[in-house]
Amino acid sequence: MTAPIRLLIHGASGRMGQALLRLCNESGNCQVVAAVTRKSPPQRVVDGVPFFAASELSGVPAFDVAIDFSLPEGFDPVLALCVARRAALVSGTTGLSEAQRGELASAASVIPVLWASNFSLGVAVLNELVERAAVALKGWDVDVVEAHHAQKKDAPSGTALTLGEAAAAAGAHVSYASLRAGDIIGEHTVQFSGPGERIELVHRAGSRDIFARGALHAASRIAGKPPAAYRVRDLLD
Ligand code: NAD
220 MTAPIRLLIH
230 GASGRMGQAL
240 LRLCNESGNC
250 QVVAAVTRKS
260 PPQRVVDGVP
270 FFAASELSGV
280 PAFDVAIDFS
290 LPEGFDPVLA
300 LCVARRAALV
310 SGTTGLSEAQ
320 RGELASAASV
330 IPVLWASNFS
340 LGVAVLNELV
350 ERAAVALKGW
360 DVDVVEAHHA
370 QKKDAPSGTA
380 LTLGEAAAAA
390 GAHVSYASLR
400 AGDIIGEHTV
410 QFSGPGERIE
420 LVHRAGSRDI
430 FARGALHAAS
440 RIAGKPPAAY
450 RVRDLLD
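Here the working numbering is used: the first residue of the sequence shown is 220, the next is one more, and so on.
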């Protein structure tokens, strides 16, 4: 049996961090060696997993892949740590600045990285459907409408922007609308409006587990790969 992939979970006390910690045992050959929270953790070890505060990041034990679902202000330190340790980074943190996207692209020459606005299989397929529809429906209006829980900080969502980019690549002018309400996990509608007809492509997330499982699968596939910027679809099988 090969040695387990050593994971660092960054943003461990958040909604996605909690889902990752709960599901990591499902994904087979993985072991969480560090869970990093923004503030000092109330307990140092939970279910055998060592917890660290963000201020202690430089002292975490050796790891193979960091999975980051935090906030833009937490992104730079975890990227720097991965580069310093020559470890892979899988990140789903949205709302990154242009400068942060640039740093991520530079890091890809040194370590394997995968940033994705959405780790669900359904949204990966939705992106492909949008690309095809935008090519076939030249001149139609394209609107991306998204709804998320009231605590979500960025708008439009990272997924909405990725879907919009897929349509814009075919020349479409894309408009966005965002709704923040209740505990909605994530809903995205891409509407194509032409003369006298409309198409709506819709994805609804029923649980954060779909994103967590996708990120854990990506982490298990990216470990040991050469430095590059990978996409979810590169690591699907
Ligand atoms: P959340 O607010 O519940 O959790 C974010 C966590 O990050 C918090 O626990 C916070 O304490 C922590 N954090 C903030 N700054 C930090 C720092 N400097 N160092 C370490 N940790 C820090 O949010 P969430 O719903 O778990 O989402 C987290 C991120 O993931 C958001 O950007 C969200 O948009 C994104 N997201 C992406 C996907 C995807 O598939 N790509 C899916 C869901 C959410």
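We put the CB at the ideal spot given by N, CA and C, even for glycine.
Item, Value
"Inter-residue Cα distance where the pair is Val284 and Ala438", "6 Å"
"Of the residues Ala307, Gly233, Pro261 and Ala396, the one placed nearest Ala442, counting alpha carbons only", "Ala307"
"Limits of the unbroken alpha helix (DSSP H) element including Phe270", "From DSSP, Phe270 is part of no alpha helix (DSSP H) but of the beta strand (DSSP E) over Val268 to Ala272."
"Helix, strand or coil at Ile429 [DSSP, three-state]", "helix"
"Within-8 Å CB hit, Leu276 to chain B", "In summary, chain B is missing from the structure at hand, where a single protein chain is found."
"Among Asp428, Pro445, Gly358 and Lys444, nearest to Leu340 - alpha-carbon criterion", "Asp428"
"According to DSSP, residues forming a beta bridge with Cys301", "For Cys301, which the question treats as bridged, DSSP gives no partner whatsoever."
"Anticipated Cβ contact below 8 Å, Ser376 with Thr312, distance rounded", "No, Ser376 and Thr312 are not in contact; Cβ-Cβ is about 12 Å, not under 8 Å."
"Counted within 10 angstroms of its Cβ, other Cβ atoms place Ala385 as buried (16 or more) or exposed", "buried"
"Buried/exposed call for His392, threshold 16 Cβ in 10 Å", "exposed"
"CA nearest to the CA of Ile403, picked from Gly383, Gly425, Ser412 and Gly415", "Gly425"
"Alpha carbon of Cys243 to alpha carbon of Ala231, nearest angstrom", "12 Å"
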